[in-house]
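Okay, so here's the structure we're looking at.
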Amino acid sequence: MFRRTKTWFREESLKDVPAKAWNWSPTSERSRLELERSYKSSSDSPPLWSSKRLGGSTENLLAVNRRPNHLQLPASSSGDSLDVEVREKPGYKKERKSRSMVAPKQKAQRPPMSSPRLMHIPIEATVLYECPVKRTKFSEGGKKSKKNWTDCYMILTPTALVFYKDQRTFYATKAPKPFNAPPSPTAPRAELVLPLLNAHVLQCIQMHTRRFTRSLVLTVEHDQYLLQVESEEGAKKLLKCIQNIIYKLGPPALDDRPSPQYQSSNTDLESLGRTPPVSRHATRSKQKTGGSSNEDLSDSTEVSTYKYHVRSKLKKFFAKRPAMEVLVKKGIYKDEPVFGRDLDEVCPLTSPRVPEFVKACVKEIESSEENMCTDGLYRASGNLSQVQKIRLEVDQNNFTVIENTTDIHVLTGSLKLFFRELKEPLIPCSMFQRVLDACSLRPRETRVKEFRDIVQALPQCNRDTLKFILEHLLKVTEYSERNRMHTANLAIVFGPTLLWTKDLERIAVDCIQQNNVVDILLNDYKEIFAEDNTKGKKKA
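Per numbering that gives the first Met the number 0, the very first residue in the sequence shown carries number 0; after that it's consecutive.
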C-alpha cells in the first residue's frame, strides 16, 4: 500500500530551479525534480515516492529530518500552493557512473506495532507410527560393529525413520517458535534420521540378538541397524508399517541393492544346517505365486551363480590334492612329537607306560590343595592361546612351561587337548560298541565283570594310562564339596574325550552313553582294576 499526501507549492517555483539553489552536494539529499528529470530521460519507469505535507520557506524545508525517503523542495514566497503527489518505490536503484548519484537504500519495512507478534509454527511431517524402541548399529560398511543399545523414541514418517532421545524431546520440537528466531544449538532435535528409500527391513534371526523375536534389522545403504520393541506383536506391526512405506517409495535400483556380503546371513545359516527365518520362506512363496516383495532374496541369481563357480573350483582342487600318505612320504606332512600321535609312540617302554606330558600335568595339578579346590576344575575352559602355547613348547621338548603356568584351567585344558588329539582314542574305536553294550548289562556284577574283561583286553599303554587318569579323577572328587566336580560332572567332561567313534552319524546319539562309560569306570574303579591293584601290592 502506498501512502498519499499533498504538499502545496507555487506553480512558478517548480519551473527550472537551478540545482545550486537547493544547496545540492554529493553528500546531500537528492531533489525530487532532479531525480524526476533523470528518470524521464531513461526508459525505466519513474520511481515511487513517499512524501509528507511540506510547506513554508526554504529554511523550513531544510529543517526537515534528512532521511533518504524524505524530499527537500524549495519554497515559494507566495501563499499559492500546488498539490503534488509523490510516490516512492522502496529499494530502487539506478545504475550511474557516479557513485554519488546512486539512490539510497530503503530499510526493510517492519510490521506495525499495533498488530500482534507473528509466531512461527514449524511444518510437521505426517506421523504414521510412533513408539519407544531400543536401537543399535549392527554393522557399518559390511563390518560388524559392537552393539550398544540405546533407548529412544521412534517416529515413522512417509519417507524416513526419525529417532529422538525420548517422547518429551519429540513433543518439544513441535512447540511453536518466535518469528525469524535464529537456530539455537541447545534446541531439541532428532538424534538420527534414517531414510527409507532403497532400504530393506527384515525380522531378526538368532545370530543378530537373543531377543530376535521382537527385533528388526534395517539395512540403509551398507549399514545395518537393529530395532527392538517391547513385544512380538509390536515388532510384527512395526515391520509391516516399514515395509509398506518402502513399497510406496518404490523398488530399489539395481545398484542400490545390497551386495552378496551383506545378504549372506540367511545363506550362511542354511549352509550350517540351521533353519532360516520365516520371513524368507514367505518371500519365496510370494515369488513363486507371482507376487512382488521388497525384501531382498538371499538366493538371487547372481549369488547362486557365484556359489556354483566356487563349488566347482573346490571340487577340482580337492580332486587334484594328493593323499595324506603321499604328503607324509614326501616329508611335507609330519607328526608332532607329542600331540596328535599314537599313544604307543609317546609312552615310555618301561612300566607303567604313561606319557610324560600326562604325568607332568597331573603332578602340577595335584601339587597344591588350592589347585584341587578350584571351582569348576576340568569343566571351566582355559585361555585357548595359552593352551596352544603350551602345546608348541611341549612339542619342542620344553616341559618347564607346565611348571611356570599359573592358570590351573590352562593346564587342565592342555591335558584334555592331548587326549582329544590322539589318532586313536584312549579306549580304541574297535572296542567302542562293546563298551556301550556293557553299560546296559544287568545285574551290576555282570556289568563289572564285562568291564574288567574290556580293560584287560586293552593294550598295556592304554590300560596304564586309563588307570592313571582315573586315579587322578577320583582324587578330584575328594574335593567335590569345594570344586563342585562330582563323578557325574567329570563323566560329562571326559566321556567324549576318552572314547569316540569315527562314525559321524552316531556322535550325537552315543554322547550320553559315552558319559555313562566314564561314570561306571569311576564308581566301580576298585572292582574293575582289582587284579592290577593286587599285582601292584605283591610287587611292592
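Where a beta carbon is used, it is the ideal one built from N, C-alpha and C, also for glycine.
Contact between Arg-213 and Val-228 holds: their C-beta atoms lie close to 6 angstroms from each other, under 8 angstroms. Secondary structure within the segment 180 to 245: the beta strand (DSSP E) runs of 3 or more consecutive residues, fully enclosed, are 191 to 194, 199 to 202, 214 to 219, 222 to 227 (chain order). Taking a 10 Å sphere around the C-beta of Pro-354, we find 16 or more other C-beta atoms and assign the residue as buried. In this structure Leu-383 is exposed. Its beta-carbon is surrounded by fewer than 16 other beta-carbon atoms within 10 angstroms.
Cys-460 is the residue among Cys-460, Arg-483, Asp-518, Ala-529 whose C-alpha sits nearest the C-alpha of Leu-348. Note: Met-153 is bridge-paired with Cys-130, Phe-162 in the DSSP secondary-structure output. Ranked by how close their Cα comes to the Cα of Leu-201, the residues Lys-235, Ala-180, Phe-178, His-221 have Lys-235 in first place. Minimum Cα-Cα distance from Gln-166 among the listed residues Thr-464, Tyr-152, Thr-496, His-308 corresponds to Tyr-152.
For the set Asp-374, Thr-405, Leu-473, Thr-476, the Cα lying nearest the Cα of Val-386 is the one of Thr-405.
Under the three-state reduction of DSSP, Lys-176 is assigned to strand.
Per the DSSP secondary-structure output, Glu-139 pairs in a beta bridge with Lys-142, Asp-222.
For Ile-244, the closest alpha carbon among the candidates Thr-125, Ser-230, Phe-178 is that of Thr-125. If the five residues before and after Ile-453 are omitted, its C-beta is found closer than 7 angstroms to the C-beta atoms of Met-430, Arg-433, Val-434, Ala-437, all from its own chain and listed in chain order.
Cys-438 sits in a helix when the DSSP states are folded into three classes. For secondary structure counted as the alpha helix (DSSP H) over 4 or more consecutive residues, the segment 374 to 411 holds these complete runs in sequence order: 383 to 394, 399 to 402. In this chain, the alpha helix (DSSP H) harbouring Phe-493 covers 486 to 497. CA-to-CA, the gap between Phe-417 and Met-206 works out to about 32 angstroms.
The C-alpha of Ala-490 lies about 28 angstroms from the C-alpha of Val-400. One Cα belongs to Tyr-478, the other to Ser-439, and the distance between them is close to 30 angstroms.
When the Cα atoms are used, Cys-240 and Glu-392 turn out to be separated by approximately 60 angstroms. Asp-509 sits in coil when the DSSP states are folded into three classes, being neither helix nor strand.
Rounded to the nearest angstrom, the gap between the Cα atoms of Met-484 and Leu-376 is 7 angstroms.
In summary, Asp-341 is exposed, with fewer than 16 beta-carbon neighbours lying within 10 Å of its beta-carbon over all protein chains present.
Here DSSP, grouped into helix, strand and coil, assigns Leu-348 to coil. Closest by C-alpha distance to Ala-379, out of Leu-410, Thr-149, Glu-423, is Leu-410.
Secondary structure of Arg-340 (DSSP, three-state): coil. 8 angstroms or more divides the Cβ of Thr-156 from the Cβ of Leu-193. Going by DSSP, Phe-450 is part of the alpha helix (DSSP H) stretching over 443 to 456.
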